[in-house]
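**Q**
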Amino acid sequence: MAEGYAIELYFDPALENQVLKAWNVLARRQISTQLIEIESRPHITLFSSPFLDPSKLEPLIKNFSSKQEPLQLSFSSIGGLPTENSVLFLSPTPTFSLLQFHSQLCDMLKKEGVEIADEYRVDSWIPYCPVAQMVPKSRMAEAFSVLRDLKLPVTGSTSSSISARVAASRQQLEAHQAYMTDNHQDICGERELKRRLNCKHRNQWNK
Numbered sequence: 001m002a003e004g005y006a007i008e009l010y011f012d013p014a015l016e017n018q019v020l021k022a023w024n025v026l027a028r029r030q031i032s033t034q035l036i037e038i039e040s041r042p043h044i045t046l047f048s049s050p051f052l053d054p055s056k057l058e059p060l061i062k063n064f065s066s067k068q069e070p071l072q073l074s075f076s077s078i079g080g081l082p083t084e085n086s087v088l089f090l091s092p093t094p095t096f097s098l099l100q101f102h103s104q105l106c107d108m109l110k111k112e113g114v115e116i117a118d119e120y121r122v123d124s125w126i127p128y129c130p131v132a133q134m135v136p137k138s139r140m141a142e143a144f145s146v147l148r149d150l151k152l153p154v155t156g157s158t159s160s161s162i163s164a165r166v167a168a169s170r171q172q173l174e175a176h177q178a179y180m181t182d183n184h185q186d187i188c189g190e191r192e193l194k195r196r197l198n199c200k201h202r203n204q205w206n207k
């Protein structure tokens, strides 16, 4: 049966704890508790779909993951979109190894006939780690101040594998995709910058 489905990249314990500190401070100040309430975990979403049969892909994801090495990550900037469903996030430096990892995953999914939504395609994917969701507009400045206390860059590595999971609900994934679509104009500049960097890395790789 089709369910909401996501493929997520998790972090090593040290990096995960640094992100969790921000979550906990935001929760104690009652700025945002949603990520804790839905029992999420610090991550970068590589792919998601509100309509997919998990049993079809889980063995493939495990096999793909077993062949990958941990990636070095450096979260070097803070981002946010002050809309009705305000989200704050940490952005990693888009290294060639991270972009290549995502590209290889997309190639594997395509071979299995999986449709990849626009926001997760190789030429438009923006990696980020959410740290707060549903932040009241009146408290966005305070939330940014909390994140600045992280003293960027925050560095570490990914865990030894990626995780494929059934999402908490199909409605959450549908809402996320609608959110990304509605805010395309706000992030299109960042996507273009990322696309150019991606092309540059690929050209270097092919030389």
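Residue numbers for the sequence shown follow our numbering, beginning at 1 and rising by one. Where is the CB? At the ideal position from N, CA and C, for every residue including glycine.
At the level of alpha carbons, what is the spacing between Leu173 and Ser49?
**A** Residue placement at Leu173 cannot be trusted, given a pLDDT of 41 that sits under 50; what the coordinates show is reported in the next sentence. Using only the alpha carbons, I get a separation of about 7 Å.
**Q** Taking 8 Å as the threshold, find out whether the stretch 1-21 comes into contact with the stretch 39-57 through three or more Cβ pairs.
**A** Touching, yes, given that three or more Cβ pairs across the two stretches are closer than 8 Å.
**Q** Do you know how far the Cα of Ser138 is from the Cα of Ser66?
**A** Rounded to the nearest angstrom, the two C-alpha atoms are 45 Å apart.
**Q** At what residues does the beta strand (DSSP E) containing Ala27 begin and finish?
**A** It is not in any beta strand (DSSP E) - Ala27 instead sits in the alpha helix (DSSP H) that spans Pro13 to Arg28.
**Q** Restricting to Cα atoms, I'd like to know which of Phe75, Leu81, Pro70 and Lys62 is closest to Arg148.
**A** It is Phe75.
**Q** Can you tell me whether Ser145 is buried or exposed, with buried defined as 16 or more other CB within 10 angstroms of its CB?
**A** Answer is exposed; the Cβ neighbour count stays below 16.
**Q** Quick test of your reading: Ala117 and Ala132, contact by CB under 8 Å. State the CB separation rounded to the nearest angstrom.
**A** That pair is no contact at about 23 Å.
**Q** Just confirm the distance between the C-beta atoms of Gly239 and Tyr128, as a whole number of angstroms; I'd bet it's less than 8 Å.
**A** As displayed, the chain neither begins before 1 nor continues past 207, which places residue 239 out of reach and without an answer.
**Q** Cα separation between Ser103 and Asp12?
**A** Rounded to the nearest angstrom, the two C-alpha atoms are 22 Å apart.
**Q** Shortest alpha-carbon distance to Leu88 belongs to which of Leu26, Lys151, Asn17 and Arg41?
**A** Per the Cα distances, Leu26.
**Q** Indicate whether at least one CB of chain B lies closer than 8 Å to the CB of Phe144.
**A** Here there is only one protein chain, and chain B is not present.
**Q** Just the Cα atoms here: how many angstroms apart are Leu81 and Gln18?
**A** Taking the straight line joining both Cα atoms gives about 22 Å.
**Q** Within the same chain, show all residues whose beta-carbon is closer than 8 Å to that of Lys207, passing over the 5 residues directly before and after it, in chain order.
**A** Residue placement at Lys207 is flagged as unreliable, the pLDDT there being 41, under the threshold of 50; the coordinate-derived value follows with that caveat. Counting only Cβ-Cβ distances below 8 Å, and skipping sequence neighbours, we find nothing.
**Q** By alpha-carbon positions, which one of Ala141, Lys21, Gly156 and Leu52 ends up nearest to Pro92?
**A** Checking every option, the nearest Cα to that of Pro92 belongs to Gly156.
**Q** Using 8 Å as the threshold, is the C-beta distance between Thr158 and Pro42 below it?
**A** No, Cβ-Cβ distance for Thr158 and Pro42 is not below 8 Å.
**Q** Provide the residue(s) that pair with Leu150 in DSSP beta bridges, ordered along the chain.
**A** Paired residue(s): none; Leu150 is not in a bridge.
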